[in-house]
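The numbers in the UniProt record's numbering rise by one with no breaks, and the one at position 15 of the sequence shown is 15. Where is the CB? At the ideal position from N, CA and C, for every residue including glycine. Notes for the one structure printed next.
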Amino acid sequence: MALKVPKPRNPFAMAASRRHAGVHDKGGKIKRRDARQSLRQALKQGREDFSPPFFFVPALPASG
Numbered sequence: 001m002a003l004k005v006p007k008p009r010n011p012f013a014m015a016a017s018r019r020h021a022g023v024h025d026k027g028g029k030i031k032r033r034d035a036r037q038s039l040r041q042a043l044k045q046g047r048e049d050f051s052p053p054f055f056f057v058p059a060l061p062a063s064g
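Here you go:
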């Protein structure tokens with residue numbers, strides 16, 4: 001009975017599978033930093049047309 005010799009592995013394929021690949025996008029920390037910087041620059045310039053990505057609506061007082 002003859003033993004089969006295993007096929008040699010491709011070293012380039014193994015290196016590619018171990019590489020840290022993923023989405024080329026800014027992380028959450030970087031996005032928050034950029035938003036803070038753009039807000040500070042807008043406030044420093046006195047721009048009124050700046051709209052932040054979210055709005056804080058104050059709570060209305062309860063009537064009664």
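Query	Result
If you follow the alpha helix (DSSP H) that Arg-33 is in, where does it begin and where does it stop?	28 to 45
What is the DSSP secondary structure of Met-1, counted as helix, strand or coil?	coil
Do you know offhand how far Asp-25's Cα is from Pro-6's?	40 Å
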